[in-house]
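All remarks here apply to the structure that follows.
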Amino acid sequence: MHIIACIKQVPRDNTVAIDAHKRIDASGIEPILNLFDEYALEAALSLNDEHGGDVTVLSLGTDETVDQLRRSLAMGATNAVLVTADGEPDIASAVSIVRGAIGTLPAADVIVCGRTATDDESAAFGPMLAQALGWTHVTYVTKILSSSATTLELERSLEDETEVVSVALPVLISVGKGDVEPRFPSLLRVRKYAKAEVPVIAAAAFTNVSTVVDRIPPAARKAGEIIAGPDVASKVRTLVDRLIADQAL
Amino acid sequence: MDFTANYDMFLNEEHDLLRQTVRDFTEREVAPNIRAWDRSGAEHGEGPETRTHIRPLIEKMGKLGFLGICFPAKYGGAGMDYLALAVLCEELERMDSFLRVVASVHVGLNSMTIFQWGTEAQKMKYLKPQAEGKQIGAYGLTEPNSGTDAGAMTTTARRDGDHYVLNGEKIWISLSDIADTFVVFAKTDPSKGNRGISCFIVERSMPGFSSYPLHGKLGVRAGNTGGIVFQDMRVPVENRLGEEGEGFKIAMTALDSGRYTVAAGAVGGIQGALEASVKYAKERHTFGVPIGDHQLVKRMISNMVRKMDMGRLLVYKAGWMKNAGRRNTRETTLGKWHATVSSWESADDAVQIHGAYGFSDEYPVERFLRNARGGVIYEGTRELQELLQADFAMGTRELAPKLRCELPAYNKDAWEAE
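Chains as they are written, first to last, in this note's numbering: chain D, 1 to 249; chain B, 1001 to 1418.
Here's what the structure looks like:
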């Protein structure tokens, strides 16, 4: 089974600055692997544990992204590919670029990606990539219940219900936070892959269909309030009164 | 900011990915629980029977390769170098000292000592399963009435045919109730002073061995510390590490390894205190500005940065010397002295920056302070390290000539060969 895991590097937190050109300035903030991509990679690796084959981890990024790809190799991926592009592709362009890169790889049975990226929060990349490939996609997957060489049985966690879906391969799944925590790399693999050469695919020129004209950073969170009172019972009463008054209860 | 950037004269991509891995591990597996684990040590005492978190966590560290980090693959290790051991210890203590203590006693004091002095058979029997994390090692030198004055130990080992019979008690033993094997010291000839001390690898399963937990420690409460007792414990001759009478030298070289891990851990401890202080100094406002705008708070933060960077450079220099196979007692003790004292002072400043909140365990800094105090005492007191530096400088102490067994220099190809 060949599984492709699409991953993205994001800033650790969202305290980013917006520069004069309305671009996100994440300098000084630690770059990390998108949280949900870690769960997606774990899903890919556990399928690989069961069925063997290859897990190719692919990222559209910059030279800096190589660290995340090497870390993914240390976690258990068998191949890594960095895709680079000049300029800042919008989601439609990113999908087109990644689709082109996937075309250069051996045929895949499953593509995994995180349900959303914690930087742009669009949740559109996975479904759009599946559409571009003409593949079935299943979103909000939190568990792989069973798998064979031709089908996956998946659990989807939706707002009000949990759905169990059986789907034929090939399929793209976007993965959310489930019960299975992503594995840590072992030091043997850290040593083996810390300096791994990662092949680079340079994307052809692209034309964005959308342009960001403004960005408004999230408002800073307000400080909490400490409720005073002579004893715990009266503090709790005040708290509950406030919650009712604020319609939180 | 990334306080660990720009050390590429010592570190490479392997160390960077290692740091990331250990940090992810501590943030995910330990951070959500550490306050409760630390409290449990005060409430329930330190016996493993009430401390169910310790064994599973050590098992996880073993599976990831942390417990064999700097040993050749043929002995079950991860094949990384001695600087990797420093990075591991920094990241462990950045979270909590009890994690670094595991690395200090299992890797530094026990496994590295067997690696340096052990026969091939001893390395295969003890080092390999320890490096693979299948067995846990600890170390016993200190006794109820002998600490810095190790030569005053009263534990004895009497030869009886192809066995030694050990009697005595060791105290302040980290992982006393958890470890499977212990590198311990006993007098085979009490008339010869330090030259009458020998070293042994003993197993918990040997008849006559018992252990007990200590209660009421100031810090490192998430871990397990206690005593071990030998009552007519018969130890096979093949478990003697080194020659008879070589024990004192072995103990001192073990401390070259152990102090290195303590020093590196203390650097991580300073970083933990610094990061908590920087965060709080930006959040907390007084007189209409963040407290980080006040000059005396800035001074405490800049002092932490200075002490941390100096400590890190001293530790990496000692690690670089270990990699090159050079004796490093002077450099290691200097690093241990500076880093542990600085870690205590930095935690104290961190509590001060946090004000009254720093006085409660709502924030981690009071735990950092309690934990840091131990490092100023164990594996060679602040005073001993201070005396050593003067003696080295004045030429009144010289390193012993070449030892019969030196700690092997790091050799990447040999280390990585299966």
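Think of the CB as a built atom: it goes at the ideal place given N, C-alpha and C, for glycine as much as any other residue. Predicted, not measured: the structure shown is a model, and the values here were computed from it.
When C-beta atoms of the region 1228-1238 of chain B are compared with those of the region 1160-1170 of chain B, three or more pairs fall below 8 Å, so the two segments count as touching.
Here the alpha carbons of B/Gly1358 and B/Pro1207 stand approximately 47 Å from one another. Interface residue (Cβ-Cβ distance to chain D less than 8 Å): B/Thr1021 is classified as such. Among the residues of chain B, those whose CB is under 9 Å from the CB of D/Ser186 are Thr1021, Lys1063, Leu1064, Gly1065, Ala1078, following chain order. Assigned with DSSP and collapsed to three states, B/Cys1089 falls in helix. Straight across, the Cα-Cα distance linking D/Glu181 with D/Leu41 is about 11 Å. A residue is called buried once 16 or more other Cβ atoms fall within 10 Å of its Cβ, and B/Thr1188 is buried on that count.
Put simply, the region 1074-1083 of chain B does not touch the region 1200-1217 of chain B. Fewer than three CB pairs are less than 8 Å apart.
Within chain D, the residues Phe184 have their CB atoms less than 8 Å from the CB of B/Phe1025, given in chain order. At a cut-off of 8 Å between C-beta atoms, D/Lys195 counts as an interface residue with respect to chain B.
B/Glu1398 has its alpha-carbon roughly 48 Å from the corresponding atom of D/Pro31.
Of D/Ile144, D/Thr151, D/Val167, the smallest CA-CA separation from D/Ser157 is found for D/Ile144. Between D/Arg71 and B/Leu1017, the beta carbon gap of about 6 Å places them in contact (Cβ cut-off 8 Å). The three-state reading of DSSP puts B/His1285 in strand, counting E and B together. A buried status is given to D/Ala74, since no fewer than 16 other beta-carbon atoms sit within 10 Å of its beta-carbon. In the DSSP secondary-structure assignment, D/His2 is bridged to D/Asp54. Distance from B/Ile1136 to B/Ile1178 at the Cβ level is roughly 6 Å; contact confirmed, criterion being Cβ atoms closer than 8 Å. In this structure, DSSP gives B/Ala1157 an extended state, which the three-state scheme calls strand.
Under the three-state reduction of DSSP output, D/Asp119 falls in the coil class, being neither helix nor strand. Taking a C-beta cut-off of 8 Å against chain D, none of the residues of the region 1256-1278 of chain B qualify. Here B/Arg1240 is bridged, per DSSP, to B/Phe1200.
At a cut-off of 8 Å between beta carbons, D/Glu64 makes no contact with chain B.
Under the Cβ criterion of 8 Å, B/Glu1362 is not counted among the residues facing chain D. Sequence-ordered contacts of the region 4-34 of chain D with chain B read Gly28, Glu30 [C-beta pairs closer than 8 Å]. The beta-carbon distance between D/Val171 and D/Leu129, rounded to whole angstroms, is 12 Å. This is too long to meet the 8 Å contact definition. DSSP, read as helix, strand or coil, puts B/Thr1261 in helix. Neighbourhood of B/Met1001 in chain D, by CB distance below 8 Å: Gly28, in chain order. Across the structure, D/Val165 and D/Ser146 are spaced so that their CA atoms are roughly 11 Å apart.
About 4 Å separates the beta carbon of B/Glu1331 from that of B/Ala1318, a gap short enough to meet the 8 Å contact definition. Bounds of the alpha helix (DSSP H) holding B/Phe1025 are 1013-1025. Scanning B/Ile1228, B/Phe1185, B/Gln1130 for the CA closest to the CA of B/Arg1195 turns up B/Phe1185.
The C-alpha of D/Ala205 lies about 28 Å from the C-alpha of D/Val16. In this structure, B/Gln1271 lies near B/Arg1094, with their beta-carbon atoms less than 8 Å apart. Chain-ordered, the chain B residues with CB closer than 7 Å to the CB of D/Val190 read Glu1014, Leu1017, Leu1018, Thr1021. Where D/Val236 is concerned, the enclosing alpha helix (DSSP H) starts and stops at 232-245.
Taking 8 Å as the Cβ-Cβ cut-off, the region 67-78 of chain D approaches chain B at Asp67, Arg70, Arg71, Ala74, given in chain order.
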